[in-house]
Each structure stands twice: as C-alpha cells, then as structure tokens.
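Just below is one structure, and these are the notes that go with it.
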Amino acid sequence: MAPPLSRRFLLQAAALGATTPALSFAATGRAAAAQDAPAAADAPATWTTQPFALDEVQLRPGVFADKRQLMLDHARGYDVNRLLQVFRANAGLATGGAVAPGGWEGLDGEANGNLRGHYTGHFMTMLSQAFAGTGEQVFADRISTMVGALTQVREALRHDPVVLKAAGRFGTAAENVRGSYQYVDLPAAALGGASAVTLSAWVKPTHAGNWARIFDFGNDTTRYLYLAARNANGVPRFAVTTSGPGGEQGIDGTAALALNQWSHLAVTIAGGTGTLYVNGTAVARNTAMTLTPAALGTLAHNWLGRSNFAGDPVFAGAFDEFNVWSRTLTAAEITQLQSSRAADSPAGRGTLASYAFDETTGSTFADASGRGLTATLRRTWGAPSHPGFLAAYPETQFIQLESMTASDYTRVWAPYYTAHKILRGLLDAHLATDDARALDLASGMCDWMYSRLSKLPAATLQRMWGLFSSGEFGGIVEVIVDLHSLTGKAEHLALARLFDLDKLIDACAANTDTLDGLHANQHIPIFTGLIRLYDATGETRYLTAAKNFWGMVVPVRMYGIGGTSTGEFWRARGVIAGTIGETTAESCCAYNMLKLSRTLFFHEQDPKYMDYYERALYNQVLGSKQDKADAEKPLVTYFIGLTPGHVRDYTPKQGTTCCEGTGMESATKYQDSVYFRKADGSALYVNLYSPSTLTWAEKGVTVTQTTDYPREQGSTLTIGGGSASFELRLRVPSWATRGFRVTVNGSAVSGTPAPGSYFAVSRTWRSGDTVRITVPFRLRVEKALDDPSLQTLFYGPVNLVARNSATSHLQFGLYRNAALSGDLLPSLSPVSGKPLHYTLDGTEFAPFLEGTENPTHAYFRRSEPRVVLGTTDSGVANPAKADGTTLLDEIWAGAPFADKAALVARVRSTVNAWVSSGLLGQANGQTVVGAAERATYVP
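The sequence shown begins at 59 in this note's numbering and counts up one residue at a time.
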C-alpha cells in the first residue's frame, strides 16, 4: 500500500504552502524521525498568491498526460543503481556491477565527468514529482533505494577507505572500482635498495586507461620506477629513471592486457638487463638497463595503483598478489607463478614485500615477507571528507574553485551547481515521502557548505560566483531557503546569502541591463533564489532585481517558442533574428524561466507572467520531449535550433545532460501552475486551460477541468464537493483579442474580458455548477524584433512550424484570404484528421509541441509581393516604406473590421495616404480599391 502523499510536497513546487504536519511512516522505516523536524512553515507573508501541491492537481487525459506517461515509463524502467554507481565508486563502495550512465555522468564524458552526480539529483526530483502526481508506490520505493544508498555513501566518505573484496585469481582480491581514487600505500622500504629485483603482480584491469599504474615507486616525476598497465600505445610499460621521462630506461610489451581478465606481470632487473613477462612469457627485454632500485635510494611514494604524475588515472580493477624479491627469478619460476600462489611455488613469497590481499575488512594489508611492511589503502585526496559532504567526486573541485581566477571546466565544472541538484533532489525526496534520512542528508550538505564558504573572504566569493561555468551554482539559493524553512537553522539562511553575486544583483536592481555576453542558464535560476531570499529577509533589492531581470529577457531576448539564449549565451537585447542558429533556446533556460515567472506571480499577479508561462510550456517545454517511449533515455532536447530545416536532437551530446535532467522534471510537473489560490482563500486563479482535477481541501470542493485544449478552443469547469464562496479568476490570454466568453450554468456572465487580464466570476459555488470558457483562437504572426520580415506563426497559444527539409528560409504570404476579423487562418487549409495541422503553398504546418524528428522552420520570411485581398489579386505590386512596412500591413493593421464596407473604407483611406506620399501611383491605387470592392471576405 502506498503511503499517503505528503502535503509538504508543496515546498517542492517552490512554494511553502499551508502548514502541514510531518507524516510518519514508521512501518516502512522511512520517516519515523520526521516528526522530530520542525513542521513546514506557513507560506511567506510576502506571497499574496499560493500554488497547490502536485498531489492536489491531477492530470486528466490530454497532451500533458500523454507526454508525462512517456516520462513515467522512463522513471519506472531506468536502473537507479546506474546513477548511484558514481557515488558508490567515489566512496569506495561496491557498485554491484552497475554501469555508470556515461555522458556527463561518467568519467569518460565531457570535461572528465566533472559534473557527475547532478543527474542523480534531477532523477530524485523526477521520482518525487512522479510519486506526488500519481501515488504509485514504485516511485517511492525507488526514492527510498536512492536515499538509502546516499546515506551509506556519506558515511563511507567520512572514514578511511575499506578494502573491497572481490574474487581473486587464487582466492580473494582487493578491488579498486573506477572512480574510487583509491590506491595501496607501501612503506618506504618496500624495494630495499636492491641491485637485483623481481616485481610480480596479478591484476585484473577493468578500464583501458592509458598510464594507469600497477605500481609506481618514486619521489616525484624525476626519480621513479613504475609498471603501467597501458602506455600511450595501449601496451604494458616498465620504466626506471633518475632524470625524468627523458631519461627513462624502459621495456614495452607487445599486446594490450585483456580487460576483466586476470593477467600476471613480472619484471626482473639485474646485470644491466631488464625483462618484462606477461602471463609467464618474456615479451620484451632491455639489455641496456643500468638503473636498479639501488640507484633510486629511499623513495617517498611507494604505490600500487597510483602514479607520481598527477594527471594519470588511478588503476581501475583488482589486485591479487604482489611480491618483490631481492633477486631475479628464473623464467621457470615465473612460469610456475601462473598456476599457484607464490607461497606454494618454488619462488616462495617475496623476500622484500609480499601481499596476498586476502583481507576482507579494514584498510590495511599484511606483508608476508617477514619484514612487517604493512600496506595501507588510501584515497588520492587524503583524509576522509568533512562532515556533511556528499558528492560523486572528491572535495577537490570545491577546494580548487576557491583559488581559480579563470574558468576551466576540465578542472572544475560547477561543483556548487551539482551540489544544488543533489540538494534539491534530496529535499524533494523528503517532501514527497517524509524520509527523514533525505532531510538529514540535505541539512548536512548545507552545514558542510556553510562551514566552508563562511570562512572565505567576500572578495573570494564574488570572484568564484563570477566565473563562467566553474562558478555556476544553479538554483542553490532557492533550495537552501526552502530547507531553512524546515530546519530553522540560522546558518542555512546565512549560507544562502553567501551566494550573492553583488555586481549582477545591483545592476538588475538598478534596471541596468548587463546580460549581453553572460551565460544564460548560469544566471536565470539565481533570480528565483533572490526572490526566496526576499521572502526570508525582506530585502527589497532582491525582489526588484528579479522583476527587472525578467523584463530583460521577456520579450527582448525571447524567441517565439518562449526560449532564450544562443549557444548558451545572451547577446544584445532586441537581437532575435541575428542570434538564430543551431544552438538556440537551451531547454534548461525555459525550465528556469518558468520557475522564475511563477515565483514572481506569487508576489505580483501580473498576467504577463502567466502569458509567458503558457507560451513556453505549450511550445518549447512540450516540444522538447520526444513523443516516443524509451526506458534508457528521457528523450529530451538540449538545444532547439531555430534555423531552417532543423531536426530536433532528443539524445543530445553524450547524454545525461543538464537539459535532460530538467526535461525529466518538467514532464512530471506539468500541473504545477494550472491553479493558484489567493493567500486568504478568497479567490481561485485558473492560469492554464488544461484537463485536470483540483482538490481544494480547505474549501471542501473539487474543480474538474474538461478540455482538449489547445485542440479545443475553450474549457469547461465543473464544481464538485460542497459549497464555497470564492472568486473564480479566469486568465484571458493576451492573444485572445476577440470572443472570450464565460457562462455559468448556461447563462452568460456580464463584463468585458480584456486580453492579458483575469476575468472574475464571484459567487457561492455549489456542487454541479458548470463554467464554460470560450477562447477563440486566431492565426497571427510575431515578428523578430530586429527583422520584421522574419516571422513565426501562432494559432492561439500554439506555435505552428513549417515541416520542410529546405535549409533556407521559406517565403510565405498570409494576407491573401485574411478574414475581416484580422484572422489569417483562412489563408491556410486544414489537414483532415490532424488537428492543428494546416497547409500553405504545399507545405504542412504543425504544432511545435509535437515531439517529432521532422525538419522544421520555426521562422519564415514574410513575402507579400502583390496586393491580394479576399483572394482577389489586384495585380499591383505591394509597395513598402523604408522601414519595411507594406501597404497591406497598414491596411490590415486596422482589423478587426465590422463588415466589408469598413474594410473597403480602410483600403481607400490607406491608398489615398500612400498616393499622397508618393509611395503608390494613383492608377494603381484605384486598381487596389477596385479589387477590394470586388473581393469576398471571410467574416
């Protein structure tokens, strides 16, 4: 049986809603401690409008439910142990054979996997939202698995590494999981200064990493002796030197070691000759090897699995036996080592050092040579991590960031951004399932961050947060403030303020636009966090900065679909056509702009925020999810190229990217902004027309919205439950310029709905009351701000894109059969059986929201070469002014027209003005008027 949904999940929706008790799931062992935490706080007093929790709004059949179902299938089917692999490996824990996701979540991904761990946070948020939205136990179970594993990871990181037992060549072996950064540290006397030596090891490599060391004895990168499993050519290499790489005396193997198989390697040195054996066979010999361990002296670093060169990878795989003899074994003795332990062979145990790796616990390995050289398992980054630290990589990225003066994501890639994703996922997990472990992990992470950042000078923090990419911290401020509302720890609120990027905040608070050249998604979520800081502190500059920032993006840096950024960056305001490319509209930007818009609406109920929300949600966000099932991948875009003929890529880059992460989240919270309530409960906002059912428990009513919007031009609301008095505020979209109408129980509601506003209906509502909203669509164009001839097509809220493989802008005219209302739709022909599909000049137009792989044109070149009215071609060229405005543009700017006579009058007055200005000949003007009089028009 699924546990009841947490009402505190309201917090996850970026909203601290009504006070709700912590629920206890003692029977499951997940949340018995939750009652010890402070109860969820009331919504901030600054919020005049509040959202509903995801479990209070249920999606009904429609386009959103269809898209969500695809993502829910992914959430059910993907093995979470793959996500946990990078965390477990980093902590030196067993990974159960799970394969890391790869891409940004793997060591071989972009920038060496320096962002790994972020995707796990996204996944936890998706699961939390999925559980809240559906109540399916499978999602809660998966959350519990992940939280339990991360709890073990944090505990392991707080201690010295412990041997990971594995099946060995002759019994047990010690395994180094790739990504664990673990190695074996031998005492300095391991080589004994021998002038003749044999070194022997059984290894089972699991990764083909060049220059990973089986052993490396040295002081630095000048004096050393090593055996690498693979050199640059992929074969084993032994070398010894007292003068660095240029002075190496080496022996190279002839074939690569097999992965995931045991191999025996041995090196003998004596009398000027060195020999390399692989699996009992001498594969190479150097007869000019004059250096021996005796020439190296006492060495500081005596390592198995680690190199003295910091850039070399740590050996990934398992060690069985490692022996060092103070003589050269014969070929026959080495051959006999292939079939038995050294102790059971004629060679006997190593006389200088001998490790069987039979240990199954602890972090030390006994030496059986009789010299008592106990070896120790260590991590390359040194001591155990600090209390509270949790990540899929060491603390080193955080440490290095503090001294960086320039960005380099191959060294440090946004560690606080990754911390944000993990923190958000953990808090969402707690809010969805009341798992006290998740809250403890989240609180511990913030404790750790505060202990680190609070000690840094203010100038260091400003420099860090101003670094592109390396200093990116995502929405961490928002989640820290959310966490503070639960923990009440003063340190957590203080931590949130340590992320203030003053130059950005001050500029936006002063309404000074400095966005040109900034990375878009690095900065958008900052402002949602600033609003939450305003909620917690009352500092108005935070809220003012966020409001002004929003206006610097919408509409002056916004594409028609609601997206922003080109190549991830912003350019000068007002430049739209000039920035269109293959890498426009990063999907994360739309996700974060939606979050910012709704959070602003909580403070100021300006309909422009919900107008934008509808635009971006119904177009970019829906269109970024492919309409295809896949358990392995979420199938979400990274960029959406707006160039002609662009084909969307739903498996971007190497996978597990930021946009796939936010895409998973978007697809499991489509219902989060359909309805809001006034803080005092006196009004209900219907922001979006979407099939859904709201349970408004405080009022004792339900509101069921029945619609096929946007395929249907309107919606029906049905009240259920008891009776309640409140004002119903219905959003009138800014594009709904004519015909918006509301009836209650069949009777028209008086009043004049204004586009870009809310239409209010106030009454005592009773079960069975029915509200019908009619929202007539019309076809319209939106022009690029910097090139009015480059346009995109909208039908109501839906962006229509041309499906055509051409790679240059298509040209279309739309006035040929425009209606008296100004609606351009009559110029297009509907496609039978395909709602919202139309054709024009042989090209099909389809909704952007359809997640297909068709080549599309989001923008086209407007071309009206001749004056055509009501399908009547006057034969007169359509003249234009210097700014590009054409005669037809000025005629149709007067729409809507009450009747044909009104349109003809408009044609006549416009023609006369153009003739008087010398822009149109008198004879041609008369011809145009005559064509207008002869034409027949759609109403």
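Ideal Cβ positions, reconstructed from N, Cα and C, are used throughout, including at glycine. A quick note: this is a predicted structure, and the numbers were derived from the prediction, not measured.
* For the alpha helix (DSSP H) that Pro351 lies in, which residues bound it at each end? -> 351-354
* To do: With DSSP as the reference, label Ala90 as helix, strand or coil.
  => Bear in mind that the predicted position of Ala90 carries a pLDDT of just 32, short of 50, making it too unreliable to give a figure here.
* **Counted within 10 angstroms of its Cβ, other Cβ atoms place Ala72 as buried (16 or more) or exposed** => For Ala72, the predicted structure reports a pLDDT of 40, less than 50, and the residue's modelled location is therefore unreliable. The matter cannot be settled from this model.
* Asked: Which word fits Gln240, buried or exposed, when buried means at least 16 other C-beta atoms lie within 10 angstroms of its C-beta?
  -> buried
* Are the Cβ atoms of Asp402 and Ala411 separated by less than 8 Å? -> no
* Between the Cα of Gly338 and those of Ala390, Arg629, Leu362, spot the shortest distance and give me the residue it belongs to. => Ala390
* Cα-Cα separation, Ala99 to Arg288 -> Its pLDDT being 47, under 50, Ala99 is placed unreliably in this model, and the value from its coordinates should be taken loosely. Spanning the two alpha carbons is a distance of roughly 58 Å.
* Name, in chain order, the residues that DSSP records as bridge partners for Ser750. => Leu117, Gln763
* Asked: What separation, rounded to the nearest whole angstrom, lies between the Cα atoms of Ala916 and Ile698?
  -> Answer to the nearest angstrom: the Cα atoms are 10 Å apart.
* For Ala169, does the three-state DSSP call read helix, strand or coil? -> helix
* So the beta strand (DSSP E) Asn139 belongs to, where does it begin and stop? -> Run containing Asn139: none in the beta strand (DSSP E); it sits in the alpha helix (DSSP H), 138-149.
* Quick one: what's got a C-beta closer than 7 Å to Gly446's C-beta in the same chain, skipping five residues either side? -> For Gly446, where only same-chain residues beyond five positions count, the Cβ hits under 7 Å are Gly502, Met503, Asp505, Trp506.
* Buried or exposed: where does Thr657 fall if 16 or more other Cβ atoms within 10 Å of its Cβ makes it buried? -> Here Thr657 is buried. Its C-beta has 16 or more other C-beta atoms within 10 Å.
* Figure out for me which residue from Arg437, Tyr467, Tyr474, Phe367 has the closest Cα to the Cα of Ala449. => Tyr474
* 6 Å Cβ shell around Ile309 - same chain, five flanking residues per side excluded -> Phe296, Gly332, Leu334, Ala342, Asn344
* Asked: Is it the case that the Cβ atoms of Val221 and Trp361 are separated by a distance below 8 Å?
  -> no
* To do: Run through the region 546-629 for me and flag every whole alpha helix (DSSP H) of 4 or more residues, listed as ranges in chain order.
  => 548-555, 560-567, 578-595, 598-611
* Between the region 974-985 and the region 950-957, do three or more beta carbon pairs fall short of 8 Å? -> no
* Between the Cα of Val535 and those of Leu576, Asp564, His581, spot the shortest distance and give me the residue it belongs to. => His581
* Identity of the residue in Ser890, Pro888, Ala860, Leu898 nearest Arg874 by Cα -> Leu898
* Is there contact between the region 688-696 and the region 642-654, where contact requires at least three CB pairs shorter than 8 Å? -> yes
* Asked: Out of Ser885, Ala552, Thr943, Pro905, which has the shortest C-alpha to C-alpha gap to Lys892?
  -> The option with the nearest alpha carbon to Lys892 is Pro905.
* Would you mind giving the Cβ-Cβ distance between Val205 and Asp593, rounded to the nearest angstrom? I have them listed as a contact below 8 Å. => Their Cβ separation, rounded to whole angstroms, is 27 Å, which puts Val205 and Asp593 out of contact at 8 Å.
* Asked: Can you tell me the Cα-Cα spacing of Gly406 and Phe380, whole angstroms?
  -> 12 Å
* Going by the CB atoms, is the gap between Val293 and Ala314 shorter than 8 Å? -> yes
* Short check: CB of Asp199 to CB of Arg271, under 8 Å? -> no
* Opening and closing residue of the beta strand (DSSP E) in which Val962 lies -> Where Val962 is concerned, there is no enclosing beta strand (DSSP E), although the alpha helix (DSSP H) it sits in stretches over 958-974.
* Asked: Between the beta-carbon of Ala737 and the beta-carbon of Ala101, is there less than 8 Å?
  -> yes
* Asked: Near Gly636, what residues of its chain come up, given a Cβ to Cβ distance below 8 Å and the 5 sequence neighbours on each side ignored?
  -> Arg629, Asp844, Asp845
* Hey, quick one: how far does the beta strand (DSSP E) through Gly276 stretch, first residue to last? -> 271-276
* Asked: Gly620 and Asn677: beta carbons closer than 8 Å?
  -> Annotated as proximal: Gly620 and Asn677, with beta-carbon spacing under 8 Å.
* Asked: Are the beta-carbon atoms of Trp972 and Leu945 separated by less than 8 Å?
  -> Yes.
* Asked: Between the C-alpha atoms of Val987 and Ala960, what's the straight-line distance to the nearest angstrom?
  -> Here the alpha carbons of Ala960 and Val987 stand approximately 13 Å from one another.
* To do: Compute the distance between the beta-carbons of Ala741 and Arg787, then report whether it is under 8 Å.
  => yes
* Is the region 603-615 touching the region 543-551 in the sense that three or more CB pairs, one from each, lie closer than 8 Å? -> no
* With a cut-off of 8 Å on the beta carbons, I'd call Val235 and Ala433 a contact; round off their distance for me. => With 8 Å as the limit, Val235 and Ala433 do not qualify as a contact, their Cβ atoms being about 19 Å apart.
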